[in-house]
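Okay, so here's the structure we're looking at.
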Amino acid sequence: GAGVSQSPSNKVTEKGKDVELRCDPISGHTALYWYRQRLGQGLEFLIYFQGNSAPDKSGLPSDRFSAERTGESVSTLTIQRTQQEDSAVYLCASSLRLADTQYFGPGTRLTVL
Amino acid sequence: AQSVTQLGSHVSVSEGALVLLRCNYSSSVPPYLFWYVQYPNQGLQLLLKYTSAATLVKGINGFEAEFKKSETSFHLTKPSAHMSDAAEYFCAVSENTGRRALTFGSGTRLQVQP
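These protein sequence lines are chains A and B, in that order.
If you count the first sequence from 1, you need to add 154 to reach the working numbering.
If you count the second sequence from 1, you need to add 957 to reach the working numbering.
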């Protein structure tokens, strides 16, 4: 079946603009995760959803970051007033349940000029 | 708190040679451990995972890893490198309860020379 998809694949924006990144998880997967990968670094956990709720938002870097998930399906990560340090690849992963293997999407490469 | 250290940001081997990518972890609870591979312009793909069953874990593409609690290590090996193994490899640890978020190492880029 289809894997995790993310859109857009690339996004270039100007400093101060808002951006929305979308993740479509594998159908039926109840858990969804967002990670960030800065250049030359490992992945950094941002937030996870169990169903439509996000019990732990402590990984979000600042209050400019927010995420939501609807219908236990699509999730959107929103970054307001983007800064240059937000430039990174944003990866989404989903798993059938919290304890199961996470499957990753191809990521969205965000560049803030 | 958990952390992962991958020794060597770049590793180069000859085709047919042994591949050894090192990973050490720290975790306050029994960990789950993972190796993911990222090919150029592709997403992360799970190679193998350890979830407290057998300590020697076999994965895809001929890779395997051994969990050594005494050394807090989970090194990735492959007896004979192939050109197609050139990629970036990430070791990750997760808690075995709760949110199961992965904590990743900084990655090791494997080059395979002909």
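Beta carbons: idealized from backbone N, C-alpha and C, even for Gly.
All of these numbers come straight from a predicted model, not from anything done at the bench.
{"Query": "Phe258(A) and Gly1000(B) closer than 8 Å at C-beta", "Result": "yes"}
{"Query": "Where Lys169(A) falls, given that 16 or more other Cβ within 10 Å makes a residue buried", "Result": "exposed"}
{"Query": "Selected residue, minimal CA-CA separation from Asn206(A), among Thr224(A), Pro179(A), Leu252(A) and Arg192(A)", "Result": "Thr224(A)"}
{"Query": "Cβ-based contacts, 9 Å cut-off: residues of the region 1032 to 1064 of chain B near chain A", "Result": "Phe1047, Cys1048, Ala1049, Ser1051, Asn1053, Thr1054, Gly1055, Arg1056, Arg1057, Ala1058, Leu1059, Thr1060, Phe1061, Gly1062, Ser1063 and Gly1064"}
{"Query": "Sheet register partners of Arg190(A) (DSSP bridge)", "Result": "Glu198(A) and Tyr244(A)"}
{"Query": "Gln1068(B): contacting residues in chain A (beta-carbon distance under 8 Å)", "Result": "Under the 8 Å cutoff, chain A gives no residues; its nearest Cβ is about 16 Å from Gln1068(B)."}
{"Query": "Whole-Å CB distance - Gly973(B) paired with Ala1038(B), under 8 Å assumed", "Result": "6 Å"}
{"Query": "Unbroken beta strand (DSSP E) run spanning Ile180(A), endpoints", "Result": "Unbroken run through Ile180(A): none, as it is neither H nor E."}
{"Query": "Chain B contacts from the region 190 to 208 of chain A (Cβ-Cβ distance under 7 Å)", "Result": "Gln195, Gly196, Leu197, Phe199 and Tyr202"}
{"Query": "Inter-residue spacing [alpha-carbon to alpha-carbon] between Thr262(A) and Phe203(A)", "Result": "19 Å"}
{"Query": "CB contact check: Lys1026(B) to chain A, cutoff 8 Å", "Result": "no"}
{"Query": "Interface flag, Pro162(A) vs chain B, CB-CB below 8 Å", "Result": "no"}
{"Query": "Under 7 Å from the C-beta of Pro260(A): neighbouring residues of chain B", "Result": "Gln999 and Gly1000"}
{"Query": "Residue-chain proximity (Leu1003(B), chain A), Cβ-Cβ < 8 Å", "Result": "yes"}
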